[in-house]
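A short worksheet on the structure shown next.
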Amino acid sequence: MEREKQKEEKKAKNPVKICDTTFRDGHQSTIATRFRIEDMEILAPEMDKVGWYSMEVWGGATFDVCTRYLAEDPWDRVRRLKKLMPNTKLQMLLRGQNLVGYRNYPDDVLEAFIYKAAEVGIDIFRVFDALNDERNHEAAYKAIKKVGKHVQGAICYSLTERRMGGPVFNLEYYIKKAKTLVDLGADSICIKDMAGLIAPYDAYELIKALKEELKGIPIDLHSHYTAGLASMSYLKAIEAGVDIIDCALAPFALRTSQPAVEPILVALEGTERDPELDLDLIFRIGQKLEELAIKYRDFLDTTRMAVIDTRVLRYQIPGGMTSNFIAQLRQANALDRLEEVFEELPRTRKELGYPPLVTPTSQIVGIQAVFNVLFGRYKMVSDEIKDYCYGLYGRPPAPIDPEIQKQVLKGYPRGEEPIACRPADILEPEMPKAWEAIKGISDKEEDAITVALYPTTGLAFVKYKYGKGPLPPTTEKPKTLEDIKREDELIAKAKRGELVEKPKKEAPAKGPGIRTFHVFVDEEYFKVEVEPAEGGPAITITAPPKVEAKVETKAEAKPEPKVESKAPAEVKAPPAGGVEVLAPMPGVIIEYKVKEGDRVKPGDPVVVLEAMKMKNMIPAPEGGVVKAINYKPGDTVEAKAVLAVIAKE
Numbered sequence: 028m029e030r031e032k033q034k035e036e037k038k039a040k041n042p043v044k045i046c047d048t049t050f051r052d053g054h055q056s057t058i059a060t061r062f063r064i065e066d067m068e069i070l071a072p073e074m075d076k077v078g079w080y081s082m083e084v085w086g087g088a089t090f091d092v093c094t095r096y097l098a099e100d101p102w103d104r105v106r107r108l109k110k111l112m113p114n115t116k117l118q119m120l121l122r123g124q125n126l127v128g129y130r131n132y133p134d135d136v137l138e139a140f141i142y143k144a145a146e147v148g149i150d151i152f153r154v155f156d157a158l159n160d161e162r163n164h165e166a167a168y169k170a171i172k173k174v175g176k177h178v179q180g181a182i183c184y185s186l187t188e189r190r191m192g193g194p195v196f197n198l199e200y201y202i203k204k205a206k207t208l209v210d211l212g213a214d215s216i217c218i219k220d221m222a223g224l225i226a227p228y229d230a231y232e233l234i235k236a237l238k239e240e241l242k243g244i245p246i247d248l249h250s251h252y253t254a255g256l257a258s259m260s261y262l263k264a265i266e267a268g269v270d271i272i273d274c275a276l277a278p279f280a281l282r283t284s285q286p287a288v289e290p291i292l293v294a295l296e297g298t299e300r301d302p303e304l305d306l307d308l309i310f311r312i313g314q315k316l317e318e319l320a321i322k323y324r325d326f327l328d329t330t331r332m333a334v335i336d337t338r339v340l341r342y343q344i345p346g347g348m349t350s351n352f353i354a355q356l357r358q359a360n361a362l363d364r365l366e367e368v369f370e371e372l373p374r375t376r377k378e379l380g381y382p383p384l385v386t387p388t389s390q391i392v393g394i395q396a397v398f399n400v401l402f403g404r405y406k407m408v409s410d411e412i413k414d415y416c417y418g419l420y421g422r423p424p425a426p427i428d429p430e431i432q433k434q435v436l437k438g439y440p441r442g443e444e445p446i447a448c449r450p451a452d453i454l455e456p457e458m459p460k461a462w463e464a465i466k467g468i469s470d471k472e473e474d475a476i477t478v479a480l481y482p483t484t485g486l487a488f489v490k491y492k493y494g495k496g497p498l499p500p501t502t503e504k505p506k507t508l509e510d511i512k513r514e515d516e517l518i519a520k521a522k523r524g525e526l527v528e529k530p531k532k533e534a535p536a537k538g539p540g541i542r543t544f545h546v547f548v549d550e551e552y553f554k555v556e557v558e559p560a561e562g563g564p565a566i567t568i569t570a571p572p573k574v575e576a577k578v579e580t581k582a583e584a585k586p587e588p589k590v591e592s593k594a595p596a597e598v599k600a601p602p603a604g605g606v607e608v609l610a611p612m613p614g615v616i617i618e619y620k621v622k623e624g625d626r627v628k629p630g631d632p633v634v635v636l637e638a639m640k641m642k643n644m645i646p647a648p649e650g651g652v653v654k655a656i657n658y659k660p661g662d663t664v665e666a667k668a669v670l671a672v673i674a675k676e
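With the working numbering as the guide, the letters of the sequence shown map in order to residues 28 to 676.
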């Protein structure tokens with residue numbers, strides 16, 4: 028009896044709740060969002076027993092990666108997880124009016140997405156806007172409330188200086204934003220610190236103020252370990268009364284991910300904020316995850332020795348942006364200019380109104396900084412930068428530099444004067460167009476939504492899903508544990524010096540008996556010359572027996588998917604006095620704005636190239652007549668590829 032009494036006295040009076048991010052932000056931040064559903068399913072039944080407040084399993088980059096790289100249906104992922112975790116609330120990250128894409132979508136797409144997401148199993152929608160423009164929260168809140176789900180309003184945490192304060196991102200700014208979101212209908216508030224910038228004492232001050240101002244509204248703190256501050260900031264936030272913190276299992280924690288849950292639980296054990304979760308169970312799940320995670324080691328960034336990235340403290344750049352910069356500059360053969368990009372980014376960000384560096388504005392602003400370094404300041408701008416300066420993403424925290432805005436919007440098709448209204452108010456409905464695109468392929472609404480979100484890559488996936496098209500060319504082959512074992516054995520042999528090159532043998536001279544054969548392997552063709560070795564039988568060719576065609580009575584088997592060729596059928600050389608329209612960087616052809624025989628003036632749009640997830644209009648360098656179109660929409664091209672040829676007049 029006395030023992031039970033002591034146990035009851037030790038029971039936490041105000042346990043902090045844990046949102047587990049392992050199945051979403053944890054792997055998005057550590058292994059480029061590549062964790063596959065078949066591995067999640069191994070862990071899910073045990074994760075359901077832990078007692079998390081919620082599990083973030085969807086949203087962010089997961090939707091795009093599923094269709095673009097994994098050949099996996101994102102809608103089916105949620106259904107499968109819901110079936111295996113019926114006792115756990117499933118949470119998603121929704122980019123406000125951007126949904127899970129990189130631009131603002133019209134309200135009809137937003138409503139269809141939210142209704143379907145709730146139907147497949149999402150219980151909590153964490154809604155944020157990259158510019159903290161509350162107008163981009165409004166339609167999402169209404170739709171979520173209509174389906175009876177929880178709205179968590181998120182505020183993107185950013186800084187104008189090294190610590191909270193200054194002319195833009197100060198305490199008053201965050202309190203005002205939080206009150207506005209509650210007035211719109213938020214059931215809870217999340218401080219979303221995507222770059223891991225929040226310092227411990229700033230976290231304490233901010234959480235304490237929010238708890239006092241928003242009485243009865245749960246407060247969640249989401250941070251990343253990138254700068255090494257997050258675990259300390261979580262403890263100070265817990266002291267200040269935060270209700271929920273976001274953590275990941277240790278194998279997918281730290282670096283640019285969230286703090287690991289295991290040490291947090293030990294730190295709080297026996298205190299009044301103890302979450303009282305089964306640590307032994309969590310250890311066992313973490314061990315299994317570590318065994319599975321080795322399959323994804325190719326995506327783990329091991330370029331830095333340190334687990335933390337102190338460049339974040341200097342430049343305020345999220346870790347994901349740094350890895351993107353490295354990838355983008357490597358593609359452009361300009362990795363040596365990384366420091367120039369770091370120096371350029373703060374200047375570009377200030378000129379564009381101090382947008383928080385979170386998707387999609389982190390990509391938009393970051394890539395513009397890359398362009399400014401590679402091509403000259405604002406000499407090349409993406410369609411997304413034009414949309415941003417026009418107001419299609421919303422209202423930034425500070426005004427955009429008017430001279431930059433004027434330069435970017437020169438010749439912009441929608442107009443050169445930016446809008447002041449809610450961006451979605453001027454967008455035309457897009458679901459009818461998406462339904463038309465999947466006509467004859469699918470009659471499912473979720474497929475139409477996928478295509479509305481990603482008209483190119485989404486449509487390619489939907490076609491593949493129903494056997495109407497090949498495996499998308501960006502799809503990656505999964506690795507098995509057996510593959511890893513073979514790789515490790517080869518590495519071990521190489522270290523022991525056992526991988527020795529075989530000596531080359533001199534080929535004999537071709538004799539009179541040599542015969543030529545055509546060999547076809549899948550879509551590839553080879554010409555092979557064959558001659559019998561000394562003493563071998565002579566080669567004779569016999570016509571194959573005629574085989575009668577058979578009618579297959581069973582259901583037609585799904586053909587083995589093949590990756591479409593990315594090379595053009597024929598690259599035409601420029602005529603005398605002609606010019607080439609070159610790809611400034613690797614990318615995917617979205618569409619040509621011209622056809623052969625069209626006349627163009629210097630600067631006229633020729634082709635839209637998707638590069639670094641941004642759409643870039645490639646103009647005509649000179650006037651003349653289009654003599655050649657060398658690629659087609661969907662083709663992948665390398666830097667300096669000749670996209671079109673113009674004959675000068």
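Don't be surprised by glycine CBs; every beta carbon is placed ideally from N, CA and C.
In the structure shown, S469 adopts coil according to DSSP, grouped into three states. Across the structure, K44 and V178 are spaced so that their CA atoms are roughly 17 Å apart. The DSSP-derived three-state label of T543 is strand. With respect to the 8 Å criterion, L108 and L117 are classified as neighbours on the basis of their beta carbons. Restricting attention to I312, K238, D662, K520, the CA atom closest to the CA of E289 is found in I312.
The distance from the Cβ of V269 to that of I244 is about 12 Å, inconsistent with a contact at the 8 Å cut-off.
When only Cα atoms are considered, V339 and F62 end up about 26 Å apart. Short of 6 Å from the beta carbon of K628, and not among the five residues preceding or following it, lie these beta carbons of its own chain, in chain order: G650. Contact annotation: the stretch 640-647 touches the stretch 408-426, with at least three C-beta pairs closer than 8 Å.
Residues of the same chain with a CB within less than 6 Å of the CB of R341, apart from the 5 flanking positions on each side, do not exist. Between K172 and G212, the C-beta gap is smaller than 8 Å, which places the two residues in contact. In this chain, the beta strand (DSSP E) harbouring M641 covers 641-646. About 5 Å separates the Cβ atoms of D66 and L319, confirming a contact at the 8 Å cut-off. Within the same chain, and ignoring the five residues on either side of I446 in sequence, the residues whose Cβ sits closer than 6 Å to its Cβ are G418. Between the stretch 51-60 and the stretch 88-103, the count of Cβ pairs shorter than 8 Å is three or higher; the stretches touch. Between V669 and E618, the gap from beta carbon to beta carbon reaches 8 Å or more. Its Cα nearest to that of R376, the residue S389 stands out among I453, S389, V136, I141. Contact between the stretch 469-477 and the stretch 133-146 is present: three or more C-beta pairs spanning the two stretches fall below 8 Å. By the 16-neighbour rule on beta-carbons within 10 angstroms, I518 is exposed.
DSSP places S81 in the uninterrupted beta strand (DSSP E) bounded by 81-86. Taking C-beta separations shorter than 7 Å and ignoring five residues to either side along the sequence, the partners of S260 in its chain run I225, A226, P227, A230, S250, following chain order.
Each residue's CA atom was taken as its position, placing N163 and G123 some 6 Å apart. Under DSSP, G524 takes part in no beta bridge, so it has no partner.
Annotation: the continuous alpha helix (DSSP H) that includes S258 extends over 257-267.
No Cβ-Cβ contact shorter than 8 Å links T115 with Q285. Only residues of its own chain outside the window of five on either side were considered, and among them L480 have a CB closer than 6 Å to the CB of G128, listed in chain order. Annotated three-state conformation of H251 is coil, per DSSP.
Here the alpha carbon of C183 sits roughly 16 Å from the alpha carbon of G86. In terms of Cβ geometry, T253 and I149 do not form a close pair [threshold 8 Å]. Measuring C-alpha to C-alpha distances from M74 to each of D91, K219, C46 identifies C46 as the nearest. R153 carries a strand assignment under DSSP once its states are collapsed to helix, strand and coil. I272 and R282 have their C-alpha atoms spaced approximately 17 Å apart. In terms of Cα proximity to E443, the closest of R449, D452, Q432, G630 is Q432.
Non-local C-beta neighbours of A487 in its own chain, meaning closer than 6 Å and more than five positions away in sequence, comprise P499, ordered along the chain. Here R422 has L158, D160 as same chain residues with Cβ atoms under 7 Å from its own Cβ, once five neighbours each way along the sequence are excluded. Unbroken alpha helix (DSSP H) stretches of 4 residues or longer found wholly inside the stretch 272-352: 288-295, 306-320, 338-342, given in chain order.
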